[in-house]
Every structure is written in C-alpha cells, then in structure tokens.
Amino acid sequence: MNKPILSPTAFWDVDMQSLDYENNARFIIEKVMNYGLWADIQEVMCFYGHDRVKQEVIQTAFLKKKTLSFCCAIFDLTPDQFRCYTRQQLHPTPWNY
Numbered sequence: 008m009n010k011p012i013l014s015p016t017a018f019w020d021v022d023m024q025s026l027d028y029e030n031n032a033r034f035i036i037e038k039v040m041n042y043g044l045w046a047d048i049q050e051v052m053c054f055y056g057h058d059r060v061k062q063e064v065i066q067t068a069f070l071k072k073k074t075l076s077f078c079c080a081i082f083d084l085t086p087d088q089f090r091c092y093t094r095q096q097l098h099p100t101p102w103n104y
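Mapping to the working numbering: the sequence shown position 33 is 40, numbers consecutive.
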C-alpha cells in the first residue's frame with residue numbers, strides 16, 4: 008500500500024521521511040486530526056480505513072475540543088468514550104480568577 012500524501016502543516020516538527028506509517032499510526036492520526044488539512048484527513052481515512060482511524064482516535068492522549076466534537080460526529084461516539092476526554096476530566100484546569 009502506498010504511503011498517504013500528507014501536507015507538512017501538521018508535521019512541521021517531524022521529519023516526514025522517517026515516519027513509519029504502521030508503527031506510528033496513532034501519532035500520525037492524532038497530528039492529522041488536530042492540525043492537518045481536510046485533504047490530510049481524507050488521506051488518512053483512505054490509508055488506514057474508517058475503523059482503524061476510529062480505534063486510534065479513541066485511544067489518543069490529546070485532542071482539541073473542536074477535534075473531539077468533529078470525531079464524535081463522524082464516528083457516532085460520545086465524548087466520554089475518548090481517552091483524552093476522560094483524562095481531561097481527571098485533571099480539571101484550576102479556577103481562573
């Protein structure tokens with residue numbers, strides 16, 4: 008299977024040539040979902056498939072709030088099914104005064 012063609016937008020801090028698309032799937036999917044372009048999301052969905060992306064996104068350590076809402080909509084899930092959401096609830100931000 009050919010590697011997905013991803014823009015450097017989400018991977019500005021990474022050498023894209025050194026990425027292992029199988030072993031680093033969760034890292035790649037997390038970066039694309041949080042910081043990638045729409046075309047990058049489509050590439051990742053085609054390369055890994057809907058079910059694999061769903062599995063990896065559920066297990067990611069961090070998703071932006073908008074990304075979490077987007078993932079809930081496209082994967083028909085609730086926020087409490089995501090690891091990043093439950094971790095966030097365990098460590099609430101201090102009161103802003």
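For every residue, glycine included, the Cβ atom is placed at its ideal position computed from N, Cα and C.
Cβ neighbour criterion (16 or more within 10 Å) applied to residue i
| i | result |
| --- | --- |
| Phe-54 | buried |
| Phe-69 | exposed |
| Thr-16 | exposed |
| Ile-12 | exposed |
| Asp-27 | exposed |
Straight-line gap, residue i to residue j (C-alpha atoms, nearest Å)
| i | j | result |
| --- | --- | --- |
| Thr-85 | Cys-79 | 6 Å |
| Gln-62 | Arg-33 | 9 Å |
| Leu-44 | Lys-73 | 14 Å |
| Asp-2 | Pro-101 | The chain is shown only over 8 to 104; residue 2 falls outside these bounds and no answer can be derived. |
| Asn-9 | Val-21 | 20 Å |
CB-CB length for residue i against residue j, believed under 8 Å
| i | j | result |
| --- | --- | --- |
| Glu-29 | Thr-67 | So it is not a contact: roughly 17 Å between Cβ atoms. |
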